[in-house]
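First comes the structure, then the notes that go with it.
Protein chains: 2
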Amino acid sequence: MEEVRRPRGRPRKPVLLQAEPGLARLGLHERAVQRLRGLIVGGELPAGADLVETDLSAALGISRTPLREALKLLAAEGLIELRPNRSPRVTELRSGDVAALFEAIAGIERATAELAARRMSEADLAGLRALQTEMEAHHRAGALAPYFALNHRIHGLIVAGARNAPLKDAHDALHARAELARRRALGRRSRWDESVAEHRAILEALEARDADAAGRLLLEHVTHTGAALLAGLCPPAATDAA
Amino acid sequence: MEEVRRPRGRPRKPVLLQAEPGLARLGLHERAVQRLRGLIVGGELPAGADLVETDLSAALGISRTPLREALKLLAAEGLIELRPNRSPRVTELRSGDVAALFEAIAGIERATAELAARRMSEADLAGLRALQTEMEAHHRAGALAPYFALNHRIHGLIVAGARNAPLKDAHDALHARAELARRRALGRRSRWDESVAEHRAILEALEARDADAAGRLLLEHVTHTGAALLAGLCPPAATDAA
DNA sequence: TTTTCGTGCTCTGCATGCAATTAATGCTAA
DNA sequence: TTAGCATTAATTGCATGCAGAGCACGAAAA
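Quick mapping for you: the protein sequence lines, in order, are chains E and U.
Counted from 1, the first sequence has number 44 at position 36 by the working numbering; the numbering is strictly sequential.
Counted from 1, the second sequence has number 18 at position 10 by the working numbering; the numbering is strictly sequential.
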């Protein structure tokens, strides 16, 4: 009982972190937030895992004080859940949560698309079109991994194109939680063709400065994505955890 | 130099808080968040005020540790700004920020209205109609204060009617920041008639389960509100602080 | 008089220590 | 064997202590 303790919950991962390169001279709590967020959405800290302050602080090489500040912030983002006098736990997404999450993202991205149609510069649009071209090349080549990366960047560019910090912040927070579900979804390939076509239509609406169309198309795109993800999520696991 | 220190920034308010009634046995940091949020949106802690940890913790009757956790959370909400090795400061809203804020709120409320049109129960709608009737009575009577309270409750009911936690959370956070601006706006009476009429139209769209109309009307309503607020905000102060 | 450098103080950032609460464990009794 | 209870270990919540960074003030030089 001395090498690994697991008093309750599921097996604890030996995290082993720190050794940040020359990134930024930020506060420790901020670095801890970024690190932990990456570990959670990356799956290293699986849903339902207990986050024991002592263990985590040792693994991160910091004391409990900045770690606790980081945990509070992650809880505000919805990535973990705090319970009084209990170890925080990585949020376990129920299917209902995922549906709500994509409803919210869809609504927010529609708003950003409408604003972006009016506000994106020609350079922004050129960049977007370049990414679209690249994405279609990967699509033809059947390269799935780069497609996801580009997809992420494209959505990010549209959100940024809205020039609206509150919407961007809200979107980013929700997007991180959505990633939690995305990585568990099966059959992601099924909607690939559709998705690429939808992206093309969205781009064309933006280039036409057609705010209504861009917003509507992006809303539908995200809604479809969420539905497909949910469909790939539900069959294996009934209603909640995998 | 011993009774009140003001080494930099503007005069420091002697806050004098604590003495929470029998509300809830929550963590101190949570209570501090609620207390400080109330003080900020209520104007007791004015925009630009320095929040010195030592003074605040003494005023709240807690130590710096939970206070710092509370400050981090308020910063995530955008109510205060943290600067490295400096006292946090109550966020000073520039007019551009206010415009962006209302764009975001409008987009989010539209999404909630569309969902609420499909999901609100008949009881929900009855409650909403009762509030509308009450609001119109106050309108006829010329009672401005209760109108604002009811306005707040009505918007809250619609957002809650969407049955979407992420949208509600995002909305609440943005709404708190919007309150910051609202209390500084002049000529709020000008749009009173319009606003009541718009609320009636929104209610009717919800009762007709017309999601598109409800969403569009609420979007426009919030947009108009933001524009009116901005108009009452800009003339006195050029671009930023009052 | 204006600018620059030095000095001291205040405040933040982080680490550590202590008390309270909780869950697990083993014992006792029916 | 099982239910109930006391004990014990572990973990959170909070307070405090200490080092470093930054600003203000003042002195000295141009």
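Glycine included, every Cβ here is placed at the ideal spot set by N, Cα and C.
For residue i, the first and last residue of its enclosing alpha helix (DSSP H)
i, result
"residue 113(E)", "103-127"
"residue 172(U)", "From DSSP, residue 172(U) is part of no alpha helix (DSSP H); its letter is neither H nor E."
"residue 132(U)", "130-149"
"residue 213(E)", "200-215"
As assigned by DSSP and simplified to three states, the class of residue i
i, result
"residue 60(U)", "coil"
"residue 52(E)", "coil"
"residue 180(U)", "helix"
"residue 219(U)", "helix"
"residue 71(E)", "coil"
"residue 161(E)", "helix"
"residue 238(E)", "helix"
"residue 81(E)", "helix"
"residue 35(U)", "coil"
"residue 230(E)", "helix"
"residue 192(E)", "coil"
"residue 29(E)", "Residue confidence for residue 29(E) is low, a pLDDT of 46 falling below 50, so the modelled location carries little weight and cannot support an answer."
Residues bridged to residue i (per DSSP)
i, result
"residue 98(U)", "88(U)"
Own chain, CB closer than 7 Å to residue i, minus 5 neighbours either side, in chain order
i, result
"residue 89(E)", "83, 96, 97, 99"
"residue 204(E)", "143, 144, 147"
"residue 65(U)", "71, 72, 75"
"residue 225(E)", "206, 209, 210, 213"
"residue 219(E)", "122, 125, 126"
"residue 241(U)", "103, 106, 189, 192, 193"
"residue 94(E)", "none"
Residue i versus the options, residue with shortest Cα-Cα distance
i, options, result
"residue 162(E)", "151(E), 148(E), 143(E)", "143(E)"
"residue 145(E)", "176(E), 108(E), 208(E)", "208(E)"
"residue 191(E)", "234(E), 166(E), 210(E)", "234(E)"
"residue 55(U)", "63(U), 44(U), 92(U)", "44(U)"
"residue 229(U)", "218(U), 241(U), 217(U), 211(U)", "211(U)"
"residue 115(U)", "47(E), 81(E), 172(E)", "172(E)"
"residue 236(U)", "86(U), 94(U), 168(U), 189(U)", "189(U)"
"residue 141(E)", "130(E), 128(E), 101(E), 155(E)", "155(E)"
"residue 37(U)", "51(U), 59(U), 70(U), 137(U)", "70(U)"
"residue 133(E)", "165(E), 105(E), 120(E), 103(E)", "165(E)"
"residue 76(E)", "87(E), 61(E), 68(E), 66(E)", "61(E)"
"residue 201(U)", "149(U), 224(U), 193(U), 185(U)", "149(U)"
"residue 193(U)", "64(U), 51(U), 227(U)", "51(U)"
"residue 41(E)", "157(E), 218(E), 81(E)", "81(E)"
"residue 122(U)", "241(U), 217(U), 231(U)", "217(U)"
"residue 138(U)", "110(U), 215(U), 59(U), 219(U)", "215(U)"
"residue 152(E)", "167(E), 198(E), 110(E), 176(E)", "198(E)"
"residue 92(E)", "177(U), 35(U), 85(U), 160(U)", "35(U)"
"residue 101(E)", "68(E), 174(E), 160(E), 57(E)", "57(E)"
"residue 79(E)", "59(E), 135(E), 63(E)", "59(E)"
"residue 109(E)", "67(U), 185(U), 174(U)", "174(U)"
Same chain, Cβ closer than 6 Å to residue i, five either side skipped, listed in chain order
i, result
"residue 221(U)", "213"
"residue 183(E)", "none"
"residue 112(U)", "182"
"residue 187(U)", "49"
"residue 227(E)", "114, 118"
"residue 53(E)", "47, 98"
"residue 167(E)", "120, 176, 179"
"residue 85(E)", "181"
Same chain only: Cβ atoms within 8 Å of residue i, ignoring 5 sequence neighbours per side
i, result
"residue 107(U)", "234, 238"
"residue 127(U)", "169, 170, 171"
"residue 223(U)", "118, 119, 121, 122, 125"
"residue 135(E)", "165"
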